[in-house]
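Each residue of the sequence shown is one higher than the one before, starting from 1 at the first, in full-length UniProt numbering. Where is the CB? At the ideal position from N, CA and C, for every residue including glycine. Notes for the one structure printed next.
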Amino acid sequence: MTRIAEPTPLPPSAPINGTQKHQEESQDEHKDNLGTFSVPNIQLQIRDLKHPGSKRFLGAVNATDLLTTGTLNVLKLLYNTPPNPETTVPPTSSVTLVLEDMPGVAYTVGHNDNNNIKEIHFSLSYIAQINPPSRVTPEINGVVTHELVHCFQYNGFGAAPGGLIEGIADWVRLHCNLAPPHWKQEIKPNWDAGYQHTAYFLEYLEKLYGQGTVRRINEKLRVSRYAEDTFWPGLFGRKVKDLFADYTKTLQHGV
Numbered sequence: 001m002t003r004i005a006e007p008t009p010l011p012p013s014a015p016i017n018g019t020q021k022h023q024e025e026s027q028d029e030h031k032d033n034l035g036t037f038s039v040p041n042i043q044l045q046i047r048d049l050k051h052p053g054s055k056r057f058l059g060a061v062n063a064t065d066l067l068t069t070g071t072l073n074v075l076k077l078l079y080n081t082p083p084n085p086e087t088t089v090p091p092t093s094s095v096t097l098v099l100e101d102m103p104g105v106a107y108t109v110g111h112n113d114n115n116n117i118k119e120i121h122f123s124l125s126y127i128a129q130i131n132p133p134s135r136v137t138p139e140i141n142g143v144v145t146h147e148l149v150h151c152f153q154y155n156g157f158g159a160a161p162g163g164l165i166e167g168i169a170d171w172v173r174l175h176c177n178l179a180p181p182h183w184k185q186e187i188k189p190n191w192d193a194g195y196q197h198t199a200y201f202l203e204y205l206e207k208l209y210g211q212g213t214v215r216r217i218n219e220k221l222r223v224s225r226y227a228e229d230t231f232w233p234g235l236f237g238r239k240v241k242d243l244f245a246d247y248t249k250t251l252q253h254g255v
C-alpha cells in the first residue's frame with residue numbers, strides 16, 4: 001500500500017446522531033465471530049523507550065490486545081466471515097506498530113513486491129500530548145484501528161480517491177465505538193472530503209442499502225479499477241453525486 005502521510009484524526013466515543021443503537025447492534029453482530037479470522041504476525045517496535053509517549057502508551061494499552069482485537073474488528077467489519085464467497089481478505093502477512101518521535105499522527109506503509117508486509121508508524125509526540133489523560137487509551141485505540149484498516153482494505157488498483165480510503169477507515173472506527181467527541185455530521189461540498197465526513201456518508205449508505213454495503217464497496221475496490229462514473233452506478237444504480245445530494249438533504253432537514 002502506498003504511504004498514507006496525511007494525519008489520522010483523533011479518537012473516542014461520539015456516536016452518529018440517533019444511531020447509538022445501530023452501532024451497538026453492529027458490534028454485537030460481529031463480536032461472536034471475531035475468532036473465525038486468522039490474525040497475521042504482529043509486532044511492536046518502540047524507537048525511544050525514554051520518550052514520555054512510550055511510557056504513556058505502555059501504561060494505557062496492552063499492545064497484543066490492541067493489535068489483535070483491532071485486526072479482528074477490522075476484518076469482521078470489512079469481510080464478514082472468512083468462508084464468505086462475497087468478500088476476500090487480503091494476504092497481509094505481517095503488521096508492525098512502530099512508535100517513534102515524528103511530526104503528525106500516524107501513517108501506514110506496505111513493503112515487499114506483494115505489499116503484504118505492513119508498518120503502522122505512530123507518533124510518540126502525539127501520544128505524549130493527548131489530553132485529558134482519560135482520553136489516552138481510547139485515542140490510541142482509535143488511531144490504531146484507523147491505521148489497521150489501511151493494512152487490510154482495497155483501493156481500486158490505486159485509483160480510488162484518498163477521501164474514500166480514509167472514509168472507510170473512519171467508518172470502521174465509528175463502528176468500533178471509537179469516534180472522538182469532536183466528530184459530527186456536517187454539510188460538506190464534496191462526498192470525498194475524507195475521514196469522518198466521508199465515514200458518515202458511508203454510514204448513510206449502509207443504513208439506506210442495508211448491512212454489508214461498505215463491505216460491497218471494499219470488495220468492488222478489490223476486483224475493479226476505480227472509475228467514479230461506473231463504480232457507484234454499478235453498486236447502487238445511481239451516481240455518487242446524487243447519493244451525496246440526498247445525504248446532504250437529510251442533514252439540512254435534520255432527518
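Can you tell me where the beta strand (DSSP E) with residue i in it begins and where it stops?
i      : result
Phe122 : 117-123
Tyr107 : 106-111
Leu97  : 94-100
Ile46  : 41-46
What residue from the options has the CA that sits closest to residue i's CA?
i      : options                        : result
Cys151 : Leu251, Ala159, Glu166         : Glu166
Asn177 : Met102, Phe236, Ala199         : Ala199
Asp113 : Gln45, Pro91, Leu202           : Pro91
Leu75  : Pro138, Val149, Arg135, His197 : Val149
Lys188 : Arg173, Tyr247, Met102         : Tyr247
Glu86  : Gly234, Asp242, Phe244, Val223 : Val223
Asp101 : Val144, Leu235, Ile46          : Ile46
Lys249 : Val98, Phe201, Ser125, Gly142  : Phe201
Thr145 : Arg238, Gly156, Leu49, Trp171  : Trp171
Can you check whether the CB of residue j is closer than 7 Å to the CB of residue i?
i      : j      : result
Leu221 : Thr213 : no
Arg225 : Ala179 : no
Glu119 : Thr137 : no
Ala128 : Pro52  : yes
Ala63  : Leu44  : yes
Pro218 : Tyr154 : Here residue 218 turns out to be Asn, not Pro, going by the sequence shown. Contact: yes.
In the DSSP assignment, find the unbroken alpha helix (DSSP H) run with residue i in it and report its ends.
i      : result
Asn218 : 213-223
Thr198 : 195-209
His146 : 136-152
Arg56  : 52-60
Lys249 : 240-252
Looking only at its chain, what residues have a beta carbon closer than 6 Å to the beta carbon of residue i, apart from the 5 residues adjacent to it on each side?
i      : result
Thr68  : Val39
Lys31  : Note that Lys31 has pLDDT 49, beneath the 50 cutoff, so the model's placement of it is unreliable and the number below is only indicative. Within the same chain, Lys31 has no close Cβ partners at all.
Ile130 : Val136, Glu139
Gly210 : none
By Cβ distance, which residues of its chain are closer than 7 Å to residue i, with the 5 residues on each side in sequence left out?
i      : result
Gly163 : Asp192, Ala193, Gly194, Thr198
Glu228 : Val240
Leaving out five residues on either side along the sequence, give the residues of the same chain with a beta carbon under 8 Å from the beta carbon of residue i.
i      : result
Glu186 : His197, Leu251
His111 : Ile117, Lys118, Glu119
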